[in-house]
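The number in my numbering is simply the position in the sequence shown, starting from 1, with 362 added. The beta carbon of each residue, even a glycine, is placed where N, CA and C say it ideally should be. Note that this is a predicted model, so its numbers are computed, not measured. These notes concern the structure reproduced below.
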Amino acid sequence: MVRALRARRNPSPAASADGAAVDAAAQAQPQVPAQAQVGTGPRPGPVTPEKDHNAWGQAVAAVAVFGALAAAVWVGPRMMPSDVSTPQPASCSDGTHEELPKTYKQTPQPVTGEELCKALNRPDLAKLLGTPGETPTAASGTNNTAPLTDGKVAQPEAEVTFDTYTVNVSATYNELTTDQYVKLMKFGDETDIKTLTVLGRPAVFSSAHTMKFEINLGSSGSGGPVEQGPLARTLTVALDSKDRGGYCDITVWSTSGVLADDSALLDIAGKVLPRIPEQPVR
């Protein structure tokens with residue numbers, strides 16, 4: 363073929379006859395596809411274009427990344443440790459329910475210790491005490507009965523403890539009026555007594571020392587001597603506006619001996635008392 367082309371480009375008398383013979387032979391031979399002229403080796407199989415490889419690879423990689431992100435979002439909160447530096451507020455209920463004394467089952471029913479605790483353990487209680495930012499370290503409620511009453515007078519109680527202050531709320535369902543209670547204070551060790559009206563109910567402020575004692579839970583079961591604890595401030599409010607008997611005590615004290623402001627006790631009373639049903643008519 364190369365010779366024929368050269369002969370056509372540079373014709374010579376000597377090569378004219380040969381060129382004509384070559385052209386005749388080329389015309390006589392059947393046309394052969396270009397692939398058959400490359401060589402006699404085996405024909406290569408089909409080749410996948412490189413672009414298809416890249417497209418499939420990118421799709422698989424995208425699916426894998428999406429799956430990994432989804433797994434991280436689901437597993438992350440379960441595997442990562444919680445922020446232990448943030449203290450959690452104490453809860454009133456531990457999941458157990460003690461048997462109520464018989465007097466709590468009578469009509470009308472008094473408020474329970476757990477209900478008192480939920481009314482006292484408010485998110486803004488530390489702010490009401492003037493110590494915003496503090497978190498309760500302990501919270502509890504008990505279904506007590508008043509001492510020396512043979513279990514016939516309900517006296518539920520709740521207590522919430524902070525680093526600075528401890529707040530105790532109790533409700534006594536007896537027939538003692540606030541006026542009678544003030545007269546009894548004159549025979550006790552209460553000081554700084556001041557009468558007032560809270561939410562339309564007779565009330566009285568008083569101060570007294572708490573009692574400090576230790577109990578040994580060892581084999582002897584003995585306890586240490588009773589000592590005088592820090593001074594506490596108490597606001598006593600009648601259970602109803604008619605003062606037909608029964609009262610609620612809100613007491614605040616600090617291990618440092620610093621008394622809370624009376625305004626703090628009034629603020630707590632304004633939040634807790636509406637959660638305690640008034641003493642009904644006997």
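The straight-line gap separating the alpha-carbon atoms of Thr493 and Thr526 is approximately 8 Å.
Beta-bridge annotation (DSSP): Asp611 is paired with Ser532 and Thr598. With fewer than 16 other Cβ atoms from the protein chains shown falling within 10 Å of its own Cβ, Leu558 counts as exposed. With distances taken between CA atoms, Gly619 lies nearest to Pro592 out of Pro592, Ser625 and Thr497.
When secondary structure is reduced to three states using DSSP, Arg606 falls in the coil class, being assigned neither helix nor strand.
Between the alpha carbons of Asp624 and Asp486 lies a gap of roughly 17 Å.
In this chain, the alpha helix (DSSP H) harbouring Asp629 covers Asp624 to Val634.
Counting along the chain, the unbroken alpha helix (DSSP H) around Lys489 starts and ends at Leu487 to Leu490. Taking C-alpha positions only, Leu538 is separated from Thr617 by approximately 31 Å. Approximately 5 Å separates the beta-carbon atoms of Glu519 and Asn506; this is inside 8 Å, confirming the contact.
In terms of CA proximity to Ser453, Lys480 leads the group Ala570, Asn530 and Lys480. Assignment of Gly475 by DSSP, reduced to helix, strand and coil, places it in the helix class.
Assigned with DSSP and collapsed to three states, Ala481 falls in helix. Judged by DSSP secondary structure, Lys545 falls within the alpha helix (DSSP H) whose first and last residues are Thr540 to Met547.
Under DSSP, Arg563 takes part in a beta bridge, and its partners are Val560. Where Gly495 is concerned, there is no enclosing beta strand (DSSP E), because DSSP gives it neither an H nor an E.
Annotation for Glu477: Gly503, Pro518 and Arg637 place their beta carbon closer than 8 Å to its own, counting only its chain and skipping 5 residues before and after. For Gln517, the enclosing beta strand (DSSP E) covers residues Ala516 to Thr523. Considering only Ala594, Ala631 and Leu635, the residue with the shortest C-alpha distance to Leu621 is Ala594. Pairing Val529 with Val544 gives a Cβ-Cβ distance that is not under 8 Å. The criterion of a C-beta distance shorter than 8 Å is satisfied by Leu635 and Cys610.
Beta-bridge partners of His459 (DSSP): none assigned.
By the CB criterion at 8 Å, Ala533 and Leu601 fall inside the cutoff.
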